[in-house]
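Trainee: Before we start, here is the structure in question, set down as structure tokens.
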Amino acid sequence: MKHWRVEEISWDRFEPSNIDPTIIPLIKAAAMVERNGLDYARYLNGVFHDDPAFREAADNWAVEEVQHGEALGRWASLADPDWDFEAAFKRYQAGYQVPVDADASVRGSRTGELIARCIVETGTSSYYTALADATQEPVLREVCRQIAADEFRHFKLFYDHMRRYLKRERIGILRRFRIAAGRVTESEDDELAYAFYCGNTANGAEYSHRRCIAGYFSGAMGFYQFRHIERGMGMIFKSIGLPPRGKLSALSARLAWILIKRRKQRFERQLALRA
Ligand SMILES: [Fe+2]
Ligand SMILES: [Fe+2]
């Protein structure tokens, strides 16, 4: 059951003069990753093949993710009327594949799979909150607020199922930590980079993973404020079973904030060198 619909967004309030142009390539990339949600649901259906309750939840979840893609794609098409969302998405689908036919999680266990899902939802929930807080464009703000609320509900959904599997699979805290940390670093894999490439280059242009990652993250990281990182860190801690508002979480958030700022500068230097 969707909590909102694309048609309910106040598209007529669109104010092109209030757009920070650096946000447009990020929204184009995000639109494609989100719209690809059905493939991920197929993968989850394979991993949880004998759990009908979870499979149903995963199918409903994917419908919401696809809607995120549709809303973001529609906004990007308003912001850049020359952009062809359908063509860009087709290129993305042709070049990037989730392992849809797996019958076991790539994380080694179902608990692990669900922890990884919690990390992804933590990332999206924080990111869309950051974008909503940063943008002056009212329609994008509304879209990002709705999406961020969905992502937080997704986090809770995967978290609740994770707790259920954890009772059975009894994965130790160190392994849970490793899975979470692994998923955080995977954000620099091809999923986003390739979406950034397909969304923002002409067909046939050369694909450079490094340049796309640098392009995406140097832009995205600039929209965060410390409070988004602090909240995200609390959610990561909760996912692995540590106190979300303790001293360790607070310290990790401060450290992550320093690392993010450094990483942003490194990506900017890389881009400047290549230019
Ligand atoms: Fe989403
Ligand atoms: Fe989500």
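Residue numbers (the numbering used here): 804 to 1078.
Each residue gets a CB set at the ideal place from its N, CA and C atoms; glycine is no exception.
Computed from a predicted model, the values in this text were never measured in an experiment.
Which whole-angstrom value is the C-beta distance of residue 981 and residue 892, which I expect to be below 8 angstroms?
Mentor: Rounded to the nearest angstrom, the Cβ distance from residue 981 to residue 892 is 33 angstroms, too far for a contact under 8 angstroms.
Trainee: Are there 16 or more other CB atoms within 10 angstroms of the CB of residue 1016, so buried, or fewer, so exposed?
Mentor: So residue 1016 ends up on the buried side.
Trainee: If you draw a straight line from the alpha carbon of residue 810 to that of residue 1030, how long is it in whole angstroms?
Mentor: 31 angstroms
Trainee: Do you know offhand how far residue 1021's Cα is from residue 926's?
Mentor: 16 angstroms
Trainee: Taking 7 angstroms as the limit between beta carbons, can you name the residues of its chain near residue 886, skipping five residues before and five after?
Mentor: 831, 879, 880
Trainee: Would you list, in sequence order, the uninterrupted beta strand (DSSP E) runs of no fewer than 3 residues that lie entirely inside the stretch 984–1068?
Mentor: none
Trainee: Check each candidate in 1056, 1046, 1018 and name the one with the smallest Cα separation from residue 1075.
Mentor: 1018
Trainee: Using only Cβ atoms and a threshold of 6 angstroms, which residues come within that distance of a heavy atom of ligand 1? Order them by chain position.
Mentor: Those residues are 837, 868, 871, 927, 950, 954, given in chain order.
Trainee: Rounding to the nearest angstrom, what Cα-Cα distance links residue 958 and residue 858 in this structure?
Mentor: The alpha-carbon separation between residue 958 and residue 858 amounts to approximately 16 angstroms.
Trainee: Find out if the Cβ-Cβ distance for the pair residue 934, residue 947 is shorter than 9 angstroms.
Mentor: yes
Trainee: Answer with buried or exposed for residue 945, where buried requires no fewer than 16 other C-beta atoms within 10 angstroms of its C-beta.
Mentor: Within a 10 Å sphere around the beta-carbon of residue 945 sit 16 or more other beta-carbons, which makes this residue buried.
Trainee: Is any heavy atom of ligand 2 found at a distance shorter than 8 angstroms from the C-beta of residue 972?
Mentor: Every heavy atom of ligand 2 is 8 angstroms or more from the Cβ of residue 972, so no.
Trainee: Under 8 angstroms: do the stretch 840–855 and the stretch 1037–1048 share three or more Cβ pairs, one atom per stretch?
Mentor: Result no; under three Cβ-Cβ pairs closer than 8 angstroms.
Trainee: So residue 835 and residue 1001 are supposed to be a Cβ contact under 8 angstroms. How far apart are they, rounded?
Mentor: 6 angstroms
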